[in-house]
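K.L.:
This is the structure, below, for whatever I ask next.
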Amino acid sequence: MKVETVLVLSRHNGQELSESSREMLTAARSVAERVVSATFGTPPVEELARYGADEILVADTAAIEATGADTNHPAVWSALAVAAVKAVNPRAVFLASSYLGKEIAAQTAVTLDSGVITDADSVTVENNQLNIAKAVFSGSWATKGEIIRGVPVVALRPTAVEAQATDRTEASVSHIEIEVPKRAIRTRLISRTTRENEGPNLSESQVVVVGGRGTDGDFGPVQELADLLGGAVGATRVACDEGWIDRSAQIGQTGETVAPKLYIGLGVSGAVHHTSGMLASETIVAVCDDSEAPIFEIADFGVVGDINDVVPQAIEELRKAGR
Ligand SMILES: Cc1cc2nc3c(=O)[nH]c(=O)nc-3n(C[C@H](O)[C@H](O)[C@H](O)COP(=O)(O)OP(=O)(O)OC[C@H]3O[C@@H](n4cnc5c(N)ncnc54)[C@H](O)[C@@H]3O)c2cc1C
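The sequence shown maps to residues 354 to 676 in our numbering.
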């Protein structure tokens with residue numbers, strides 16, 4: 354059984370959708386008869402249709418920028434969500450639970466006077482109700498909830514749902530007007546620079562190799578292993594505090610939440626503040642020289658050893674295997 358309509362906030366770069374937008378559309382398709390995507394600019398219509406959008410509502414970027422606002426501002430996304438909810442009357446709004454997504458979810462829910470759940474793991478329909486699963490208390494409890502007020506706003510964790518395309522290529526496209534709120538123009542974007550050679554997006558990557566204090570500042574082997582496995586590099590807070598790697602790589606309670614198919618921790622002890630951001634990983638591998646380190650309690654495969662011995666051997670074996 355499915356609900357009637359789900360609205361999905363979709364991000365794209367003009368050519369293609371973000372991976373998490375593909376996942377949100379896939380999730381929406383699994384619970385709704387009709388999926389409406391709301392976005393800005395010139396979206397990739399065929400791709401939106403392929404991942405499940407029946408209708409696409411597009412707000413004009415130039416008109417928004419003329420007000421002095423930026424389309425990346427959470428207040429602008431939230432205004433789009435609110436306008437789209439009024440236009441299509443959905444049973445729920447889905448979006449990705451990224452930093453930006455959580456902010457948009459909160460602002461949208463406040464404006465709509467609705468309930469909101471962020472970091473959701475899955476959504477199913479039972480008795481015509483949307484059941485939302487979410488891990489809480491640093492992943493130690495699995496909960497199922499229902500939003501009973503307003504139009505539910507559900508932010509799903511990136512990688513929680515596997516994006517699956519259909520063979521559809523057509524969706525109807527219409528324009529939507531949005532009212533840019535004053536709070537969106539209290540700050541002004543002066544410039545935006547795309548970082549070169551950043552590698553795969555941390556929260557969307559299926560392989561994440563994480564360096565902790567045990568790297569002693571040398572992230573070269575962490576990067577090399579990540580590159581060989583086509584993964585992203587993450588870090589503990591200690592490594593970021595030390596300035597060994599950019600803060601954006603931090604995983605944990607005060608960093609990114611990841612749930613890759615493979616997590617590899619190198620010189621990471623597994624403090625709860627870190628593991629709360631990676632516990633949902635499918636397979637956890639840890640290399641740490643302290644056999645008592647808590648990371649081994651959650652690891653599927655653990656090596657007690659010095660990363661300076663273990664990682665070069667792992668890299669060599671992977672190269673031999675043709676990676
Ligand atoms: C409010 C709050 C929020 C926090 N938020 C976060 C967060 O979001 N993310 C986060 O990561 N942390 C966070 N922390 C910090 C967290 O509590 C830990 O201090 C941190 O995760 C530890 O990082 P680590 O594992 O790199 O370092 P350590 O705990 O020092 O562990 C390093 C491990 O590497 C081992 N080691 C050393 N050398 C080697 C070697 N050569 N080979 C193999 N192993 C070696 C050591 O034996 C040790 O087990 C937060 C803390 C607080 C109080």
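All residues carry an ideal CB built from backbone N, CA and C; glycine is no exception. Because the structure is a prediction, the values reported are computed rather than measured.
Hey, A385 and V359 are a contact pair by Cβ (cut 8 Å); roughly how many whole angstroms apart?
P.N.:
Taking the sequence shown and counting its residues from 1, the one referred to as residue 385 is at position 32. Taking the sequence shown and counting its residues from 1, the one referred to as residue 359 is at position 6. Confirmed, about 4 Å.
K.L.:
Spatial neighbours of M631 within its chain, please: C-beta separation below 7 Å, excluding the five flanking residues on both sides.
P.N.:
Start at 1 with the first residue of the sequence shown, and residue 631 comes out as number 278. Same-chain partners within the cutoff: I604, V611 and Y616.
K.L.:
Can you check which of these residues, V504, A445 and K455, is closest to D466 by C-alpha distance?
P.N.:
Counting from 1 along the sequence shown, the entry for residue 466 is found at position 113. Looking at the Cα atoms, V504 is the closest of the given residues.
K.L.:
Rounded to the nearest angstrom, how far is the Cβ of L582 from that of I668, given a contact under 8 Å?
P.N.:
Sequence index remark: in the sequence shown, residue 582 carries index 229 (1-based). Sequence index remark: in the sequence shown, residue 668 carries index 315 (1-based). About 10 Å; that fails the 8 Å criterion.
K.L.:
If you count every other CB in all the chains shown that lies within 10 Å of the CB of V591, and 16 or more means buried, which is it?
P.N.:
Within the sequence shown, numbered from 1, the residue matching residue 591 stands at position 238. Looking at its Cβ environment, which holds 16 or more other Cβ atoms inside 10 Å, V591 is buried.
K.L.:
Count the other C-beta atoms from every protein chain shown that fall within 10 angstroms of the C-beta of E650, then say buried if there are 16 or more, exposed otherwise.
P.N.:
As a position in the sequence shown, residue 650 is number 297, starting the count at 1. The residue is exposed, with fewer than 16 neighbouring Cβ atoms inside 10 Å.
K.L.:
Can you tell me the Cα-Cα spacing of E479 and R600, whole angstroms?
P.N.:
On the sequence shown, position 126 is the one that residue 479 refers to. On the sequence shown, position 247 is the one that residue 600 refers to. Roughly 41 Å between the two C-alpha positions.
K.L.:
Taking L362 as the reference, which of C593, Q517 and A434 has the closest Cα?
P.N.:
Position 9 of the sequence shown, counting from 1, holds the residue named residue 362. For L362, the nearest C-alpha among the options comes from A434.
K.L.:
Between R566 and ligand 1, is there a pair consisting of the residue's CB and a ligand heavy atom that are separated by less than 6 Å?
P.N.:
In the sequence shown, counting from the first residue as 1, residue 566 sits at position 213. Yes, since a heavy atom of ligand 1 falls inside the 6 Å radius drawn around the Cβ of R566.
K.L.:
Going by the C-beta, is Q559 closer than 6 Å to any heavy atom of ligand 1?
P.N.:
Walking along the sequence shown from the start, residue 559 turns up at place 206. The answer is no for Q559.
K.L.:
If you follow the beta strand (DSSP E) that L615 is part of, which residue opens it and which one closes it?
P.N.:
Residue mapping note: residue 615 aligns to position 262 of the sequence shown, counting from 1. Note, L615: beta strand (DSSP E), L615 to L619.
K.L.:
Within a Cβ cutoff of 7 Å, which residues of the same chain sit near A412, ignoring the five residues on either side of it in sequence?
P.N.:
Here residue 412 refers to the residue found at position 59 of the sequence shown. So the qualifying residues of the chain are F393, L433, I529 and I531.
K.L.:
Taking 8 Å as the cut-off, does the region 534-544 touch the region 415-428 (at least 3 CB pairs, one atom from each stretch)?
P.N.:
Judged by Cβ distances under 8 Å, the region 415-428 makes contact with the region 534-544, as three or more pairs qualify.
K.L.:
Based on Cα-Cα distance, which residue from T522, G587 and S622 lies nearest to E609?
P.N.:
In the sequence shown, counting from the first residue as 1, residue 609 sits at position 256. Of the candidates T522, G587 and S622, the one whose C-alpha sits nearest the C-alpha of E609 is G587.
K.L.:
Would you grab the beta carbon distance between S431 and T477 for me? Rounded to a whole angstrom, and I think it's under 8 Å.
P.N.:
Working through the sequence shown from its first residue, we reach residue 431 at position 78. Working through the sequence shown from its first residue, we reach residue 477 at position 124. Rounded, the Cβ-Cβ distance is 26 Å, inconsistent with contact.
K.L.:
Taking buried to mean at least 16 other C-beta atoms within 10 Å of its own C-beta, is P665 buried or exposed?
P.N.:
If you number the sequence shown from 1, residue 665 lands on position 312. That one is exposed.
K.L.:
Using 7 Å as the threshold, is the C-beta distance between G618 and A646 below it?
P.N.:
As a first step, residue 618 must be located in the sequence shown, where it is residue number 265. As a first step, residue 646 must be located in the sequence shown, where it is residue number 293. Contact: no.
K.L.:
Given a cut-off of 7 Å, decide if T379 and A516 are closer than it, judged by their beta-carbon atoms.
P.N.:
As a working note, residue 516 is residue 163 in the sequence shown. As a working note, residue 379 is residue 26 in the sequence shown. The answer is yes: Cβ separation under 7 Å.
K.L.:
Can you give the Cα-Cα distance for V489 and V638, rounded to whole angstroms?
P.N.:
Locating residue 489 in the sequence shown gives position 136, where the first residue counts as 1. Locating residue 638 in the sequence shown gives position 285, where the first residue counts as 1. If I take the Cα positions, the gap works out to 22 Å.
K.L.:
Can you check which of these residues, N661, E456, V514 and P397, is closest to S634 by C-alpha distance?
P.N.:
Sequence index remark: in the sequence shown, residue 634 carries index 281 (1-based). Answer by Cα proximity: V514.
K.L.:
In angstroms, rounded to a whole number, what distance separates the CA positions of I485 and G468?
P.N.:
Counted from its first residue, the sequence shown places residue 485 at position 132. Counted from its first residue, the sequence shown places residue 468 at position 115. Cα-Cα distance, rounded: 12 Å.
K.L.:
Where does R539 fall in DSSP's three states?
P.N.:
As a first step, residue 539 is located in the sequence shown; it is residue number 186 there, counting from the start. DSSP places R539 in coil when its eight states are reduced to three.
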